[in-house]
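The block underneath contains the structure these notes are about, expressed in structure tokens.
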Amino acid sequence: MPSPFLTPGESALADNVALLHLRRDDSMPTVLRAFDDKNEGYKEGKVSNTRFGSFPHSTLIGQKWGSQIAASKVDTGSRGRKPTKRKAEELDASTGADDDSASTKTPVAASSGFLHLMYPTPESWTLSLPHRTQVVYTPDYSYILHRLRARPGSTVIEAGAGSGSFTHASVRAVFNGYPGEEPATKKQRYEFHEQRAGRVREEITEHGLDGLVEVTHRDVYEDGFLLGDPQTGRSPKASAIFLDLPAPWLALKHLVRHPASGGESPLDPNSTAYICTFSPCLEQAEKTIRMMRKLSWLNISMVEVQHNRIEVKRERIGLDCDGIRGATVFPKTVDEAATKLREDDARAKRFRLGRSADEEASANENEASSVKEPAGPLYSVGRLVHRSENELKTHTSYLVFAILPRDWTEEDEQRCRQKYPSDKADNNDRIPAGKSRKQMKREFKELRLKEAADEKAKAQQPAEETSEA
Amino acid sequence: MHSFIPPNQFVAIKLPSDQTRIVKLVPDSLVQLGKYGSFPANQIIGRPFYFTFEIQDTAEKDGYKLRVVSATELHAETLIEEAEADGEGEDQPEGSGIPMRTNRQIVDDASTQTLTLQEIEELKKEAGGAGKEIIAKILESHTALDQKTAFSLAKYTLRKRQKYLKRFTVVPLDVSTLANFMLAEKDATRTMELRDEHIGLLGCFGNVHYGGDSHNEESTPDGLPTTKPNGRYYVVDETGGLVVAAMAERMGILYPRDEDEDEDDGKEEEEATDSNEQNPTGEDNNAEAQGATSTSKRKRPQAMSASGNTITVVHASSQPNLSLLKYFGYDINTPDENHPLHTHLKTVTWLQMIDPAVDPILSNRPAEIPPAELAALKGSKRSAYHFKRNRWERIKKVVEEARAGSFDGLVVATLLEPASVLKNLVPLLSGSASVAVYSPTVESLVVLMDKYSTTRRTAFINNKRDLEAQSTSGQNDIDLSSLYEEFELDPTLLLPPTLHRSRVRAWQVLPGRTHPLMTGRGGAEGYLFHGVRVIPTTANVQAAGTFRKKRKLEQQTSTPTPTTDQDVEMAS
């Protein structure tokens with residue numbers, strides 16, 4: 057089954073995992089089912105209950121992704137009384153299947169409430185996922201995957217962390233076809249925690265990522281990264297490694313070109329290995345880097361990603377904002393302040409002079425009309441401002457990046473020297489050699505174009521050419 | 201991909217001064233590194249990436265004059281320091297023993313350096329450049345050296361090393377390297393000061409990934425409603441092609457198809473390309489012209505022909521500026537037909553998107569010439585005819601596809617007003633598709649955020665309902681033009697608009713001296729807008745939730761007046 061994470065198609069199908077988007081930062085993952093898989097006893101089949109109403113899955117399946125779906129009237133009350141055991145047995149025995157079909161009621165639209173049906177992306181999944189351990193958030197993993205050069209066709213090792221946000225993001229990054237379809241690449245994931253490994257495995261199946269992710273329950277400090285048996289197993293041939301472990305330096309000894317144990321290296325022998333470790337504490341990062349230096353990793357660098365979300369508001373200040381929500385009633389300018397002071401003073405004077413009540417009222421009216429003038433529709437009133445959102449993640453983790461070049465033997469070197477003789481270097485013919493051939497081609501083409509196509513065709517070419525040079 | 205240094209491709213060379221050079225490695229040529237010397241390209245082609253080479257003065261018998269600097273040597277300084285730090289820790293319990301060395305007594309003027317500049321120059325000439333000796337000599341003669349603290353010593357040697365060592369590291373030229381190169385060495389504004397973290401975020405928030413290569417699916421009969429092809433993205437790119445390259449990298453279509461890792465295969469490949477290049481004057485050249493006549497030996501991939509996993513660039517000039525793609529072996533003017541971008545990169549102008557009827561190319565449909573007449577034509581005329589005809593058909597197909605929409609994402613880094621881009625492209629996205637907009641400065645995105653603000657959306661919905669209510673009695677087609685006059689774009693099509701800022705801060709990690717780098721690059725901060733396309737229902741849906749009561753009350757009080765107004769209007 058294609059995964060909605062990777063190839064969602066046009067509309068939501070039964071058994072797809074979907075995100076019910078309720079509002080900003082509030083969405084609910086669910087697996088769409090045409091039947092009541094958890095036997096919760098709703099008349100409408102499987103129902104997702106949200107703060108904005110109840111949504112029978114029959115109203116979701118078959119809808120286009122991204123659709124706004126209205127809530128339905130669902131009787132959530134009487135269902136609470138679970139049928140007694142005897143009754144349930146009876147039901148099962150007597151009606152069974154046809155009871156199912158007969159009782160699935162066509163849902164009735166409720167008067168209010170809606171949600172949006174979205175296909176999951178690693179980003180939305182990260183925001184909605186059931187928190188198990190520390191989550192690697194989008195700003196971090198997007199940067200990490202970019203630096204790790206995780207591209208379609210690579211193999212990624214991920215060790216540690218149970219939340220699964222990085223897993224989904226990295227599967228998307230390396231995805232280049234489903235297994236059995238094309239050269240599918242795998243992503244390896246190691247989990248120390250057995251229970252978590254089980255849960256992750258379930259999740260992978262639910263999300264249609266079987267065959268793309270291989271989950272292994274393992275203590276990687278001790279047993280390393282080979283698939284299957286820790287000693288004699290197959291190498292995952294990874295080119296990118298992400299360690300979200302409490303002590304990444306202990307796992308590094310397995311990530312070498314020639315392991316001391318004499319076994320196979322888990323790294324891809326034909327490519328550079330890129331590594332990133334994710335540690336919240338500086339001491340962890342320091343220890344990791346020391347170990348990396350000892351193990352001949354290169355280009356070691358440590359960074360932290362500082363990210364914040366920005367909210368945009370309209371700031372409304374002015375004496376005319378009375379009654380507008382979120383606005384501050386305060387003079388906008390010095391002039392406005394002065395006017396107000398003058399008016400206040402005038403009113404005070406009138407009061408002292410003891411004017412009659414109706415006169416006062418008429419004066420007030422005048423005042424009001426002088427201040428208030430319609431400033432256009434509400435949404436475009438006020439000054440646009442931006443600021444950080446209230447909750448700030450000031451530190452996620454220290455990211456340590458490093459690179460391990462591929463192995464290079466004397467033999468390889470000799471072969472290379474034979475193929476590309478070291479002393480052959482034509483100084484004069486240097487870069488123009490490559491260019492001139494191109495130039496020739498291009499000139500020829502231009503000639504062709506000139507005699508063939510009309511002037512409009514590709515007159516810009518020479519211009520482009522010069523700009524490039 | 202990128203497992204060894206390939207011939208005839210661009211690579212980045214990092215110099216000791218932290219500069220980067222981009223060099224095309226043509227076999228049998230000489231690579232010049234300015235004051236660091238030069239070396240024959242042959243001596244690094246085929247070797248692994250990320251090796252640091254040192255240019256030696258005395259060549260080996262076969263002329264090889266490079267030396268691979270081992271990782272241990274590169275890390276030597278810190279490894280020693282770390283070992284020392286370990287020792288110190290054991291020897292001296294805290295607070296006792298020798299007081300910490302400080303830089304109080306150090307006088308930093310020219311007198312502490314006993315070698316004169318002339319002497320150094322001579323040394324350089326003598327020793328040629330096996331820089332280490334020079335550094336050692338200079339360090340020896342530096343009288344104040346033993347007074348220096350470990351920290352300043354490290355700095356000092358580092359500085360000296362950078363000055364004299366003839367070392368360089370060969371790095372694959374990928375999107376990240378190129379982005380940093382453009383930032384540091386070129387005019388950063390050309391790429392809109394796009395940094396690594398932005399590229400990563402842009403791709404992730406745009407949900408750009410490989411979407412299945414349905415390259416050969418296009419032959420399905422038209423009648424059959426085939427499933428929607430996956431992985432089609434709109435890209436609006438004013439960074440000279442960097443964003444296109446980054447997205448192509450994520451989709452696996454950026455790098456030329458693998459010349460295989462195996463040496464033997466490599467040879468064959470080389471021969472093949474050689475033979476191709478030897479007849480650039482033959483028929484081979486008018487590739488586009490011959491595409492349809494099928495006289496060519498093998499089936500040529502038609503430009504922009506892929507149906508899935510494609511990038512559609514919408515550009516403002518008549519030609520897109522994608523000049524940076526040349527570093528990845530794809531020159532938009534003389535495209536390499538074997539490059540994946542040849543089939544997977546499509547370009548459309550804004551005019552073709554919005555008003556194809558007046559587009560100079562599309563509106564000029566070349567007249568069809570019957571085959572018999574065609575055969576009688578002169579060769580050049582015939583190929584010209586095919587060229588024009590194919591181009592027209594190709595562009596028509598691409599424009600029709602782009603206008604039909606149902607795309608899977610929109611990635612924008614543009615000088616245009618973002619709202620105008622989203623106004624035109626967001627309606628063409630399929631539901632749940634992601635939109636990511638990068639801007640070096642926040643202002644344009646703040647305006648964009650406001651265009652999708654909740655109050656604006658509510659006003660839009662209410663106004664739209666009013667218009668619909670007014671017209672239910674009459675025509676079916678509701679005239680919404682007044683609505684779009686008031687609202688530049690439909691704010692109900694995107695949820696939930698969010699604005700992000702991200703910056704990576706680099707640290708120095710050395711024993712006892714770990715801290716963030718003291719200086720960094722300023723300039724544009726870089727902001728990202730993200731939203732997801734949604735499909736609002738046509739039915740009126742009332743929001744539920746905490747604020748429901750309030751609104752109901754409001755409506756109760758406010759609705760009577762408009763309804764009576766309407767009644768009056770309708771009656772009159």
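Protein chains in written order, with this note's numbering: chain A, 57 to 525; chain B, 201 to 772.
All residues carry an ideal CB built from backbone N, CA and C; glycine is no exception.
- Shown here, Pro697/B sits in a strand according to DSSP, grouped into three states.
- Below the 7 angstroms Cβ cutoff, chain B contributes no neighbours of Leu323/A, its closest Cβ being approximately 12 angstroms away.
- When the Cα atoms are used, Pro387/A and Gly438/A turn out to be separated by approximately 13 angstroms.
- If you check each beta-carbon in the segment 547 to 576 of chain B against every beta-carbon of chain A, the ones closer than 7 angstroms belong to Pro560.
- Of Asn326/A, Thr261/A and Glu278/A, the smallest CA-CA separation from Pro292/A is found for Asn326/A.
- In summary, Asn407/B is buried, with 16 or more beta-carbon neighbours lying within 10 Å of its beta-carbon over all protein chains present.
- With the rule of 3 Cβ pairs closer than 8 angstroms, the segment 457 to 464 of chain A counts as touching the segment 315 to 333 of chain A.
- CA-to-CA, the gap between Gly118/A and Arg733/B works out to about 18 angstroms.
- Excluding five sequence positions before and after Arg221/B, the CB atoms of its chain that fall closer than 6 angstroms to its own CB belong to Ile213, given in chain order.
- DSSP assignment within the segment 221 to 307 of chain A yields the following whole alpha helix (DSSP H) runs of 4 residues or more, N-terminal first: 221 to 230, 250 to 262, 276 to 279 and 304 to 307.
- Listed along chain B are Asp396, Glu397, Gly400 and Val704, each with a C-beta nearer than 7 angstroms to that of Tyr199/A.
- Within the segment 208 to 230 of chain B, contact with chain A at the beta-carbon level (separation under 8 angstroms) is assigned to Asn208, Lys224, Val226, Pro227, Asp228, Ser229 and Leu230.
- Distance from the Cα of Ser168/A is smallest, within the candidate group Ser210/A, Thr272/A and Phe108/A, for Phe108/A.
- Here Tyr98/A is buried, its C-beta having at least 16 other C-beta atoms within 10 Å.
- Of all residues in the segment 591 to 620 of chain B, none is placed with a Cβ closer than 7 angstroms to any Cβ belonging to chain A.
- Within the segment 714 to 736 of chain B, the residues whose Cβ lies closer than 9 angstroms to any Cβ of chain A are, in chain order, Thr714, Pro716, Tyr727, His730, Val732, Arg733, Val734, Ile735 and Pro736.
- Taking the C-beta atoms as reference points, Gly441/B is found nearer than 7 angstroms to Leu522/B.
- The C-beta of Glu392/A comes no closer than 7 angstroms to any C-beta of chain B.
- Pairing Val87/A with Glu259/A gives a Cβ-Cβ distance that is not under 7 angstroms.
- Per DSSP, reduced to three states, the secondary structure at Cys377/A is helical.
- For the 7 angstroms CB-CB criterion, Ala636/B and Asp437/B do not form a contact.
- The CB of Ser221/A never comes closer than 9 angstroms to any CB in chain B; the least such distance is about 11 angstroms.
- DSSP places Leu551/B in the helix class (H, G or I) of the three-state scheme.
- Between Asp257/B and Lys265/B, the alpha-carbon positions lie close to 7 angstroms from each other.
- Contact fails between the segment 373 to 381 of chain B and the segment 427 to 435 of chain B, because fewer than three Cβ pairs, one in each stretch, are under 8 angstroms apart.
- Assignment of Asp228/B by DSSP, reduced to helix, strand and coil, places it in the coil class.
- Closest option to His202/B, judged by alpha-carbon separation, among Tyr530/B, Lys224/B, Tyr250/B and Gly234/B: Tyr250/B.
- Not one beta carbon of chain B lies nearer than 7 angstroms to the beta carbon of Thr106/A.
- When only Cα atoms are considered, Ala503/B and Gln519/B end up about 15 angstroms apart.
- Runs of the alpha helix (DSSP H) lying entirely within the segment 223 to 270 of chain B, each at least 4 residues long, are absent.
- Near chain A, meaning a CB-to-CB distance below 7 angstroms, the residues of the segment 243 to 263 of chain B are Gln243, Ile245, Gly246, Arg247, Pro248, Phe249, Tyr250, Phe251, Asp262 and Gly263.
- Between the alpha carbons of Asp401/A and Ala126/A lies a gap of roughly 56 angstroms.
- Here DSSP, grouped into helix, strand and coil, assigns Phe405/B to helix.
- Boundaries around Leu338/A are those of the alpha helix (DSSP H), Leu338 to Lys350, since no beta strand (DSSP E) includes it.
- Between Ser184/A and Cys404/B a beta carbon distance of about 16 angstroms is seen, past the 8 angstroms cut, so the two are scored as non-contacting.
- In its chain, beyond the 5 residues on either side, Tyr454 have a beta carbon closer than 7 angstroms to the beta carbon of Leu338/A.
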